[in-house]
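So the sequences go chain by chain: A and B.
Positions 473 to 709 (this note's numbering) are the ones given, in order, by the first sequence.
Positions 34 to 417 (this note's numbering) are the ones given, in order, by the second sequence.
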Amino acid sequence: MAIEEIIRLSEVTKRYPMGETEFTALKNINLAFHKGEFAGLVGPSGSGKTTLLNIMGSLDVPTTGEAVVLGQHISKLSHKASAELRNRHLGFIFQVFNLLPVYTVYENVEFALLLQNMPAQERKKTVYEALDWVGLTALAHKKPDKLSGGEGQRVAIARAMVKRPAILLADEPTANLDAANAHLILQTMKRLNDELKTTFIFSTHDEKVMGYLGRIIHLRDGCIELDETIKNKPLQR
Amino acid sequence: MKLAFQMAYKNLIGAGLRTWLNVGVLAFAFWVILFYNGLLDGWNQQARRASIAWEYGAGQAWHKDYDPLDPFTIQDGHGIWKEAPSDAVPVLIRSAVLYPQGRMIPVSLAGIVQSQKILALPTATFLKNQTEIPAIIGRRMAENAKLRAGDQVLLRWRDQYGTFDAANITITGVFKTDVPTVDQGKIWIPIEQLWKMTGLKDHATYYVLQHAESPKTATEWKYMAQEKLLADLDEIIKSKKAGSAIMYLLLLAIALLALFDTQVLSVFRRQREIGTYIALGMTRWQVVGLFTVEGSMYSLFAMVVGGVLGFPIFVFLAKQGIAFPASSQDFGIAMADRVFPVFGPSLIAFTIALIVISATIVSFLPVRRIARMNPVDALKGKIT
Ligand SMILES: Nc1ncnc2c1ncn2[C@@H]1O[C@H](COP(=O)(O)OP(=O)(O)OP(=O)(O)O)[C@@H](O)[C@H]1O
Ligand SMILES: [Mg+2]
């Protein structure tokens, strides 16, 4: 297959100090992701899903082993380079939406572009486009505390997608949403995955999410238990 | 940087009451600092003007043995200065004793040229009453000796050989001055009269100069530049400033403590936000910068709010002056009953710089730790 490999993890291990001893959250993980995947890390609580996502998002570094994201060795990046990588190429979606409370919806989405020093006109166009993807143009000037949970998470998607990142990392994005909103979010993300070829990587134990995934990586106690590809997944309604 | 300012602005406006509390105390500190220093500057300027007008002129030349702080030098600290500039005004000082209504008041008897124009002393009033010895005194002296214009009072003095002599003098005028040294314990009479009374013809203790440049002083006479004469005054104002500085620096410290506290709390409570900034692509130091700007912006707000609200008050004070009761006027240096504070550009700039810089430093200290934060822990809100 000639599809571009965008993430490669080799023997990634993450240990946390635990008093006298150490706790191993990830053990020798070997894993690769390719452009356009819609994949999920699935497993019980404490299995290491978030830890793995954070390493791929360059928010954390492996204790040993190598994580290469978009050709960059995560462990070797300076603070500046890793910030740059996140700003331009990685999008994050969190379980709690982490919207910036004093900013409007528009400003929340605009933020990453401001950091990129994008010119004002282009920025405005780009922000509205992103709001359009998630159907929130009408709420552009509301503050986050006036939004429903579903709307809040859609803003978070727009904020993560506005810079058209290569990879979007979503840590339990549906955990705080009701079923209807969860499906709406997932459909939105699947559509963006189809249209923009963004690679989506989820962490979840939500059955609804799993229904959408093209690949499910089962984690248990910091190890990969099963890596299954789901063929010809029909888009759920 | 511009982004940091915009963000900081939004965050502060969004933070509501706490913001205005911080801005309030900082603005108050701003006012107090400005007020105290403005008052002292105004006092200083008035006092300098008054001292020049009433006592120092453009400078003085002292007999080499004269020292105003040592009353014993009056006895011998005088002489004849042949090369004295023609426009300089000689003043001869002798000790004497006044006997108003049976009381006894030791005084300095100062002889001055009736026609002088350098000092504001109303020496022209010597001519008002064709008496043997006309005298003018200041308001404080008049009050102390219970004398009024037109009164006659017995004066006793020594001539050049130390022999006592006595005569009645007539108060021809009472003048009002802010300079206590020409007022308290001083009796001004025509110098020709004093020469006659003491036999010290053409002698002077010091000369008041018309021009600022140093005259060719003989070894007997030393030139006292105006600034040198005013140095004592500056010294007193300076020490008063230092004294009030302790008070307002304490106030500023309280304001800064509140700011420090706000910043500590901010870092603690806004961990997720910090983590989000980092996830969105800010470096840790950029976040430190953001929080620092936020803190120092409290002080900028305080300057704006304090300036806008304070401006009319300060203009009013500068125009109307502040009345001081007579009892507070015995500092030994010139003080008017109404002091007009002066809020000069350098005072304002200094005050603003003091507050903004100290607020920036205090804002920075607690948020430094963001640079060492693990973004993952921050996002979880787990840092204690
Ligand atoms: N900073 C840390 N210090 C110590 N242990 C940690 C730390 N972060 C995570 N762990 C441990 O590592 C393991 C994996 O954590 P992780 O958050 O990746 O799990 P998860 O699969 O995302 O779980 P969940 O479904 O509950 O979110 C857990 O047992 C957790 O206690
Ligand atoms: Mg997790």
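No residue lacks a Cβ here, since even glycine has one placed at the ideal position from N, Cα and C.
Out of curiosity, what's the CA-to-CA distance linking residue i and residue j?
| i | j | result |
| --- | --- | --- |
| GLY75 (chain B) | PHE373 (chain B) | 5 angstroms |
| LEU282 (chain B) | VAL58 (chain B) | 13 angstroms |
| GLY23 (chain B) | ALA199 (chain B) | Not covered by the structure: residue 23 (chain B). The range shown for chain B is 34 to 417. |
| VAL215 (chain B) | SER141 (chain B) | 10 angstroms |
| LEU188 (chain B) | ILE66 (chain B) | 49 angstroms |
| ALA175 (chain B) | VAL130 (chain B) | 15 angstroms |
| VAL321 (chain B) | PRO516 (chain A) | 36 angstroms |
| THR670 (chain A) | ALA638 (chain A) | 5 angstroms |
| THR156 (chain B) | LEU73 (chain B) | 31 angstroms |
| ALA94 (chain B) | VAL337 (chain B) | 50 angstroms |
| ALA121 (chain B) | TYR240 (chain B) | 6 angstroms |
| ARG709 (chain A) | ARG626 (chain A) | In this prediction, ARG709 (chain A) has a pLDDT of 42, which is less than 50 and means its spatial position is unreliable; nothing more can be read from the coordinates. |
| LEU54 (chain B) | PHE334 (chain B) | 11 angstroms |
| ARG305 (chain B) | LEU498 (chain A) | 24 angstroms |
So what does DSSP say about residue i, is it helix, strand or coil?
| i | result |
| --- | --- |
| ASN502 (chain A) | strand |
| THR316 (chain B) | coil |
| MET280 (chain B) | helix |
| ILE66 (chain B) | helix |
| ASP109 (chain B) | helix |
| GLY491 (chain A) | coil |
| ASP643 (chain A) | strand |
| LYS115 (chain B) | coil |
| LYS486 (chain A) | strand |
| ARG181 (chain B) | coil |
| THR417 (chain B) | coil |
| ARG305 (chain B) | helix |
| ARG636 (chain A) | coil |
| TYR240 (chain B) | strand |
| ALA50 (chain B) | Residue identity check: residue 50 (chain B) is Leu in the sequence provided, not Ala. Here LEU50 (chain B) sits in helix by DSSP. |
| ALA245 (chain B) | coil |
| ASP198 (chain B) | strand |
| LEU45 (chain B) | helix |
| GLU514 (chain A) | The identity of residue 514 (chain A) in the sequence shown is Val, whereas the question assumes Glu. If DSSP states are grouped into helix, strand and coil, VAL514 (chain A) belongs with the strands. |
| PRO213 (chain B) | helix |
| GLN193 (chain B) | coil |
| GLY232 (chain B) | coil |
| GLU260 (chain B) | helix |
| THR158 (chain B) | helix |
| LEU649 (chain A) | coil |
| LYS255 (chain B) | strand |
| THR496 (chain A) | strand |
| THR295 (chain B) | helix |
| GLY57 (chain B) | helix |
| THR203 (chain B) | strand |
Sort the options by Cα distance to residue i and report the nearest one.
| i | options | result |
| --- | --- | --- |
| ALA632 (chain A) | A:PHE566, A:CYS695 and A:GLN593 | A:PHE566 |
| ILE126 (chain B) | B:LEU227, B:ALA41 and B:TRP114 | B:LEU227 |
| LEU313 (chain B) | A:ILE527, A:LYS635 and A:LEU685 | A:LYS635 |
| GLU509 (chain A) | A:SER519, A:ALA584, A:LYS521 and A:GLU476 | A:GLU476 |
| PHE495 (chain A) | A:LEU603, A:ASP693, A:VAL599 and A:LEU641 | A:ASP693 |
| VAL581 (chain A) | A:ALA555, A:VAL568, A:LEU481 and A:THR609 | A:THR609 |
| LEU691 (chain A) | A:VAL514, A:LEU503, A:ARG480 and A:ARG487 | A:VAL514 |
| LYS413 (chain B) | B:ILE311, B:ALA94 and B:TRP318 | B:ILE311 |
| PHE376 (chain B) | B:GLN296, B:LEU160 and B:GLN78 | B:GLN78 |
| GLU623 (chain A) | A:GLU594, A:LEU649 and A:SER530 | A:LEU649 |
| ALA382 (chain B) | B:LEU45, B:ASN70, B:ILE202 and B:TYR42 | B:ASN70 |
| ARG560 (chain A) | A:PRO573, A:LEU585 and A:ARG663 | A:LEU585 |
| GLU260 (chain B) | B:LEU45, B:PHE63, B:ARG51 and B:GLU88 | B:GLU88 |
| PRO223 (chain B) | B:HIS111, B:ILE138, B:ILE202 and B:ARG173 | B:ILE202 |
Checklist entry - When Cβ atoms are compared, which residues of the region 531-553 of chain A fall closer than 7 angstroms to chain B? => result LEU531, ASP532, HIS551 and LYS552
Checklist entry - Which ranges would you report for the beta strand (DSSP E) in the region 551-631 of chain A if only whole runs of at least 3 residues count? => result 562-565
Checklist entry - Which residues, taken in chain order from the region 315-330 of chain B, show a beta carbon closer than 7 angstroms to some beta carbon of chain A? => result MET315, THR316 and ARG317
Item to check | chain B contacts made by the region 581-614 of chain A, where a contact means CB separation under 7 angstroms | outcome: PHE583, ALA584, LEU586 and LEU587
Item to check | Any alpha helix (DSSP H) of 4 or more consecutive residues that is wholly inside the region 661-709 of chain A | outcome: 679-682
Next on the checklist: Any C-beta of chain A within less than 7 angstroms: which residues of the region 38-51 of chain B qualify?
Outcome noted: LYS43, ASN44 and GLY47
Item to check | Interfacial residues, the region 485-508 of chain A to chain B, with Cβ spacing under 7 angstroms | outcome: For the region 485-508 of chain A, which is checked against every Cβ of chain B, not one residue is closer than 7 angstroms.
Next on the checklist: Please give me, in chain order, every unbroken run of the alpha helix (DSSP H) with length at least 4 that falls completely inside the region 78-156 of chain B.
Outcome noted: 106-109
Next on the checklist: To test your reading of the DSSP string, which unbroken alpha helix (DSSP H) runs of 4 or more residues are found completely within the region 341-410 of chain B?
Outcome noted: With a minimum length of 4 residues, the continuous alpha helix (DSSP H) runs that stay inside the region 341-410 of chain B are 378-400.
Next on the checklist: Beta carbons nearer than 9 angstroms to chain B: which residues of the region 565-580 of chain A have them?
Outcome noted: PHE566, VAL568, ASN570, LEU571, LEU572, PRO573, VAL574, TYR575 and GLU579
Checklist entry - For the region 251-273 of chain B, which residues have a CB atom closer than 9 angstroms to at least one CB atom of chain A, in sequence order? => result Going along the region 251-273 of chain B in chain order, one finds no residue with a Cβ nearer than 9 angstroms to chain A.
Checklist entry - Name the residues in the region 619-647 of chain A whose C-beta lies less than 8 angstroms from a C-beta of chain B; which are they? => result Flagged, chain order: ARG631.
Next on the checklist: Which residues of the region 387-408 of chain B have a Cβ closer than 7 angstroms to any Cβ of chain A? Give them in chain order.
Outcome noted: Along the region 387-408 of chain B, going in chain order, the ones with a CB nearer than 7 angstroms to a CB of chain A are PRO408.
Checklist entry - Quick one, which residues of the region 57-91 of chain B are near chain A if we go by CB-CB under 9 angstroms, in chain order? => result Sequence-ordered contacts of the region 57-91 of chain B with chain A are nonexistent [C-beta pairs closer than 9 angstroms].
Checklist entry - What residue ranges within the region 522-549 of chain A form continuous beta strand (DSSP E) runs of no fewer than 3 residues, ordered along the chain? => result 536-541
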